[in-house]
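Visitor: A single structure is presented below for examination.
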Amino acid sequence: MDVMKLVEIFRGTFDGNYNQAEKQLEQIHKIIGFLPTVLQIVMETNIELPVRQAAVIYFKNEVFNHWESKESKNNQQIFSIHEQDRQLIRNSIIDALVLSTDVIRNSLSLALNYIIKYDFPHKFTVTDKIVYYLQTNDPNNWMGALMVLMELAKNYEYKNNEQKQPLLDVMKILAPILYKMMIEILPDNSEHKVLMQKTILKIIFIITQYSLPLSLFTEEFFTQWMEIIRQVLDRPVPNEVNNFDIEERYELPWYKSKKWALHIIVRIFERYGPSKGQSKEYKQFGRWYMETFSVGIIQVILKMLDQYNQKVYLPQRVLQQAINYLNTCVEHIYTWKILKPNISQIIEKVIFPLLCYTEEDDELWQTDPAEYVRKKFDFFEDYVSPVSAAQQFLCTCCKKRKDMLKNTIGFAIQILNSNVSTSQYKDGALHMLGSVSDIMLKKKMYHQQINDMLAGHVFPFFNSDHPFLRARAAWILHFFEDFEFENQVTLCQAINCLQYALIHDKELPVKVQAAISLQILIVNQEKTRPLIEPNLDTIIIECLNIVKISHNDDVSSGLQRLICAFGEKILPIAAKIVSSLVEILESILKTNDENNDATITIMGSLNTIDTVLMLIDDQETLSAIEPIAMKNVMMILDENLKELYEECFNIVTTLTDKKISNDMWKIYEYIYKISMSEEGPEYFADMMPALHNLITVDPDAFISDQNRVVALFEICKYILNYDCIDEFYCNVIKIIEVFLLQFREKVSNLMPSFCEIVMDKYILMDDLKTSELKTLSLQVLLVVLYIDSGLFFQIIEKLQQKYPNKNILDFILEEWLMDIKSFLGLHDRKICILALCKLFTLPANMVPNKVRELAPKFAPELLKMFDNLKEAYKAKAVADSDSTDTDSEYASSSDDEDVFDDDVHNPKEKMDDCEFIDDEDNDEDSDDDDDLYDNNENDLTDLENFETTIDKEDSYDDEYILFRKCIEYLKNNDINLYNSLFGNLTPQQISTLEDVFVLAQRRQDAAESRKIEQGGGYMFSDQTIPTNFNFGGGNFAINNHH
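Residue numbers (UniProt numbering): 1 to 1042.
Given below as structure tokens:
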């Protein structure tokens, strides 16, 4: 490989010839020797730095994309770096990293991390080179060697001690060297040496944060490191830090070393300290740690906090970690006793000031109120903010330690009552009360004081001249969402104050907090809703304006709950709500980027649009709003914003639930385009409900265009040949089943093609991962058998020609008949029974021999299926009753045999009462998610939401009625099969069969009644239900009385 030619190509990447250079690299990157040559360019100091930078970035990306050996995908070989090149790179990369400058070193570190992930320790050893460079006399080499060790440690950061053994083997050699180096450089307070100290501490944190290897950190060795940590925390920073702006100081190594030292001890005490649930491995260590180091560590942290109180600069992250450590101290009686003498000073001098409104807050509020709102409501800010740490510390004190709640409330009230308290102090006092309100509200002794507290110390601040106090007053009210007010006047006043602040206050942060608190109270305190109704339209519009300006996720999600709370009452402004949300989303989508990611806000707004649409029952109104709602959907689909597909297609599903407009057929083109893309199968589940509607809501329109049918086949074939998880295959096969049952004989010519792509998957994959995929694949064939038995046998014959080494018919029949119990839920069992009825009623000479052979074996399972089917109908009735809040005949019937096919299930659950339920909260045993049926085999399966024609209430495909007719047919036309199936029934099985016949008659009567009713009249008649069954000898006779 010509090095200088490659240098010129990399020079072209930043000299205006990027496209040409990229094309050249694409042509040569697979050549053996290419990537080692790129690394050689990176290492060559005589080559100008920009070229080396371009080369190292390219090198890193090549390692990321092609280092791992990957199996072929969709019958295409995937390129990976040749082993010869890998070995050359493994031999050189540590040297390259250690000897390079920082700007090169960072990219090489990322590449090294990836190589270690796949090759260490079996192909790649690092210990010798790290030891070599750490023992040279060049401090620059030390830093590079430490970075190599850090990348190694990162690969084992979240592994237990057993899994991280390869790292521990390395650390047995390196740990003493690291400690010796730390002792030598600790007195040196220069920037470079402190940066090394920081790196060593970070490595120690990485090694200990998930599991603490006590084999490495013996008591003696751990004590040595704890002394180092104490010294790092206690060591003053040099005066030169004052030469830096405050905004830059937190990046300085003197503070970062303190941060990582605190990270270590916070994690050690929190994770491995004494606790009820502590593992045996750490019980003794936890007690020893607490009793050995608490006094020294607490003293040094209190010293740091005292310096902070005296206005000595301390970075926010360091302050947060120091408070976090003390928070853990409060939880243990041993450390609480050490801390207790200083607790009042800690709260007064450190915690309280942190809870007060600051000059920095005020500057941000005045210059950029939208940014102030973003920062205050940033979920991730809570993890690093000392304010959040202060709140948690206060809560822990009040919850765990006697008199702390009383003293805290007294301290806050004293400040609020004082005439000399500043407005900032009053904000801090309200902040304190809000922080401990959850604890306070659980204690009855404070309940009587709540009304007085709100009336005297909260409501008046809504009229304050200081907007931050108005915002704080609004904030504190949301804590009373579940409180039962004895005095309803107080609750009414709270609602009125929040309404006024939302509608009339001019300050954005006040309006945001008022909106959030008002939404929370309205949703949780139903008695407040009449107070809101006169201003409902105005409140919703104000909330929309806030979302438009601030992109606040809390207001956006609260708006959705607010709309649900009032349901139909928002319909007069439904179009306005959707239009406003569309405007907001257009604005966000045009400005959204990596630095200003508003994905969560967009998702919330799309969900709110969907919620509004679901509340609209009038099709004319829905049709009028449809073009507005679809603007965002089309924009997102055109921009390929994949993370928003689910929310987009939820909207499409709602809009196509009852009618498919001409414009909505354009969506089908997007479904096809997305499905056929490289990652398309991963998004098929998001599109599936919409696709189901397109097939079933207006079937005539769907089948009228042959291209739509062909496109469906291509989608299914592509995904079934795609290398993906079984769930994706199940979704596609379910759609095939829906399609075949929807159009039946109309698509007979297509059935063989659909069956072939499904059965290819079924036959070739002997190790089908889930029984669900196996059952669904069989069901497609069973649907064809039920629709057209002749076509079924033709398909079997075609498959036999394709797979001559397997008796396809016998194979299919055995898989089906001997595993009937794998058909679960309601729909799958119906399909199984309907197909069996068709199979049994074939002319006697066409019934396969395998059926006659297996009949005595599967007959008991067939009868058990009817028992389970009855329970599945019950489960459906209960589900329908829960979702519609009405009594279904089946759910309320005292007679278990009164089974009626109830309400229709839509692919996407409608929310009549608009209560949102997170799927994750419904299933506590997430470990069992791979098996849909672990909990109850008679529950409805997930895919039953995708209704087919046999699932409709008025379907003529009634499995009970057809089964009864089937038995009558066998008795008269194929007595041998009849006897094989039912000749040796137990009394219990006979009882089950009687129940089936009773229920079949009732369903027949119900079907006739529906038919009469639909014809314009209803007629009651006395029907005699057959109850006399005469079983004798080897067969039985059924006496039907009509």
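Note that CB positions come from ideal geometry on N, CA and C, so glycine has one too.
For the alpha helix (DSSP H) that Y289 lies in, which residues bound it at each end?
Guide: Counting from one through the sequence shown, the residue named residue 289 turns up at place 289. Residues K280 to N309.
Visitor: When we look at the beta-carbon of R1010 and count the other beta-carbons within 10 Å, is it buried (16 or more) or exposed?
Guide: Here residue 1010 refers to the residue found at position 1010 when the sequence shown is read from its first residue. Label assigned to R1010: exposed.
Visitor: Just checking, does the stretch 373 to 391 make contact with the stretch 458 to 467 on the three C-beta pairs under 8 Å criterion?
Guide: Too few Cβ pairs lie closer than 8 Å, so no.
Visitor: Let me make sure I understand the geometry here. Which of Q391, E1008 and R964 has the alpha-carbon closest to that of D995?
Guide: As a first step, residue 995 must be located in the sequence shown, where it is residue number 995. Cα-wise, what sits closest to D995 is R964.
Visitor: Buried or exposed: which applies to Y668, given that a residue is buried once 16 or more other Cβ atoms fall within 10 Å of its Cβ?
Guide: Along the sequence shown, read from residue 1 onward, the residue named residue 668 stands at position 668. Buried.
Visitor: By DSSP, does V3 sit in helix, in strand, or in coil?
Guide: Translated into positions along the sequence shown, residue 3 becomes position 3. Of the three classes helix, strand and coil, the one that applies to V3 here is helix, per DSSP.
Visitor: Is the stretch 616 to 631 touching the stretch 575 to 592, taking contact as three or more C-beta pairs under 8 Å?
Guide: Yes, the stretch 616 to 631 touches the stretch 575 to 592.
Visitor: Should A844 be labelled buried (16 or more other beta-carbon atoms within 10 Å of its own) or exposed?
Guide: Here residue 844 refers to the residue found at position 844 of the sequence shown. Exposed, since its Cβ has fewer than 16 Cβ neighbours within 10 Å.
Visitor: Looking at the structure shown, is D923 part of a helix, part of a strand, or coil, going by DSSP?
Guide: By 1-based counting over the sequence shown, the position of residue 923 is 923. Low confidence applies to D923: its pLDDT is 38, below 50, so where it sits in the model is not reliable, and the reading given next is rough at best. Three-state result, D923: coil.
Visitor: Since L186 contacts I228 with CB under 8 Å, what's their CB separation in whole angstroms?
Guide: As a first step, residue 186 must be located in the sequence shown, where it is residue number 186. As a first step, residue 228 must be located in the sequence shown, where it is residue number 228. With 8 Å as the limit, L186 and I228 qualify as a contact, their Cβ atoms being about 7 Å apart.
Visitor: Within 10 Å of its beta-carbon, does V300 have 16 or more other beta-carbons around it, so buried, or fewer, so exposed?
Guide: Along the sequence shown, read from residue 1 onward, the residue named residue 300 stands at position 300. V300 should be labelled buried.
Visitor: Drop a sphere of 10 angstroms on the beta-carbon of N552, count the other beta-carbons inside from all chains shown, and report buried for 16 or more, exposed for fewer.
Guide: Counted from its first residue, the sequence shown places residue 552 at position 552. The residue in question, N552, is buried, as its Cβ has 16 or more Cβ neighbours within 10 Å.
Visitor: If you draw a straight line from the C-alpha of R235 to the C-alpha of L469, how long is it?
Guide: Taking the sequence shown and counting its residues from 1, one reaches residue 235 at position 235. Taking the sequence shown and counting its residues from 1, one reaches residue 469 at position 469. Each residue's Cα considered, the two are about 39 Å apart.
Visitor: Under a three-way DSSP split, which group does H431 fall into?
Guide: As a first step, residue 431 is located in the sequence shown; it is residue number 431 there, counting from the start. In this structure, H431 counts as helix in the three-state DSSP scheme.
Visitor: So, P467 versus P530, is the Cβ gap smaller than 9 Å?
Guide: If you number the sequence shown from 1, residue 467 lands on position 467. If you number the sequence shown from 1, residue 530 lands on position 530. Not a contact, by the Cβ cut-off of 9 Å.
Visitor: If we ignore side chains and look at the alpha-carbon of each, how far apart do M150 and T125 end up?
Guide: Sequence index remark: in the sequence shown, residue 150 carries index 150 (1-based). Sequence index remark: in the sequence shown, residue 125 carries index 125 (1-based). Cα-Cα distance, rounded: 14 Å.
Visitor: Using a Cβ-Cβ cutoff of less than 7 Å, which residues in the same chain neighbour V512 once the five nearest sequence positions on both sides are dropped?
Guide: As a first step, residue 512 must be located in the sequence shown, where it is residue number 512. Taken in chain order, the residues that qualify are V373, I546, S550, N552 and V555.
Visitor: Please report the residue range of the alpha helix (DSSP H) in which V612 lies.
Guide: Looking up residue 612 in the sequence shown gives position 612. Here the alpha helix (DSSP H) through V612 covers T599 to L615.
Visitor: So, with DSSP's three-state summary, where would you put W365?
Guide: Position 365 of the sequence shown, counted from the start, is the residue given in the question as residue 365. Correct three-state label for W365: helix.
Visitor: Where does V904 land, buried or exposed, given buried means 16+ other C-beta within 10 angstroms?
Guide: To locate residue 904, count along the sequence shown from 1; it is residue 904. Note that V904 has pLDDT 37, beneath the 50 cutoff, so the model's placement of it is unreliable and no number is given.
Visitor: According to DSSP, simplified to helix, strand and coil, what is N327?
Guide: Position 327 of the sequence shown, counted from the first residue, corresponds to residue 327. Three-state DSSP puts N327 in a helix.
Visitor: Relative to the alpha-carbon of M664, which residue among E646, S623, P681 and D700 has its alpha-carbon at the smallest distance?
Guide: If you number the sequence shown from 1, residue 664 lands on position 664. For the residues E646, S623, P681 and D700, the minimum Cα distance to M664 belongs to S623.
Visitor: Kindly indicate which three-state DSSP category K850 falls into: helix, strand or coil?
Guide: Taking the first residue of the sequence shown as 1, we reach residue 850 at position 850. Here K850 sits in helix by DSSP.
Visitor: Please report the residue range of the alpha helix (DSSP H) in which A473 lies.
Guide: Taking the sequence shown and counting its residues from 1, the one referred to as residue 473 is at position 473. P467 to L477 is the extent of the alpha helix (DSSP H) around A473.
Visitor: Which residue comes first and which comes last in the alpha helix (DSSP H) that contains M630?
Guide: The sequence position of residue 630 within the sequence shown is 630, counting from 1. Taken as a continuous stretch (DSSP letters only), the alpha helix (DSSP H) holding M630 covers Q619 to D638.
Visitor: Cutting at 6 Å between CB atoms, please list the residues of its own chain near S388, excluding the five before and the five after it.
Guide: Numbered from 1 along the sequence shown, position 388 holds the residue referred to as residue 388. Answer for S388: D382, listed in chain order.
Visitor: Tell me, please, whether the stretch 274 to 293 touches the stretch 342 to 353 by the rule of three or more beta-carbon pairs shorter than 8 Å.
Guide: Touching, no, given that fewer than three Cβ pairs across the two stretches are closer than 8 Å.
Visitor: Determine the DSSP secondary structure at F811, reduced to helix, strand or coil.
Guide: For the purposes of this step, residue 811 is identified with residue 811 of the sequence shown, where counting begins at 1. Helix, per DSSP.
Visitor: Where does E8 fall in DSSP's three states?
Guide: Within the sequence shown, residue 8 is the residue found at index 8, counting from 1. Correct three-state label for E8: helix.
Visitor: T611 to C564, Cα distance in whole Å?
Guide: As a working note, residue 611 is residue 611 in the sequence shown. As a working note, residue 564 is residue 564 in the sequence shown. Roughly 7 Å between the two C-alpha positions.
Visitor: When we look at the beta-carbon of N693 and count the other beta-carbons within 10 Å, is it buried (16 or more) or exposed?
Guide: What you label residue 693 is simply residue 693 of the sequence shown in a count that begins at 1. N693 should be labelled buried.
Visitor: Quick test of your reading: N327 and F393, contact by CB under 8 Å. State the CB separation rounded to the nearest angstrom.
Guide: By 1-based counting over the sequence shown, the position of residue 327 is 327. By 1-based counting over the sequence shown, the position of residue 393 is 393. Sure, about 5 Å apart at Cβ, within 8 Å.
Visitor: Among the residues of its own chain, which have a CB less than 6 Å from the CB of E8, if the five just before and after it don't count?
Guide: Position 8 of the sequence shown, counting from 1, holds the residue named residue 8. Nothing listed; no residue qualifies.
Visitor: Does DSSP put T13 in a helix, in a strand, or in coil?
Guide: Sequence index remark: in the sequence shown, residue 13 carries index 13 (1-based). Correct three-state label for T13: coil.
Visitor: Give the C-beta separation of K259 and P315 to the nearest angstrom, bearing in mind that I take them to be a contact with Cβ-Cβ under 8 Å.
Guide: Indexing the sequence shown from 1 puts residue 259 at position 259. Indexing the sequence shown from 1 puts residue 315 at position 315. Sure, about 7 Å apart at Cβ, within 8 Å.
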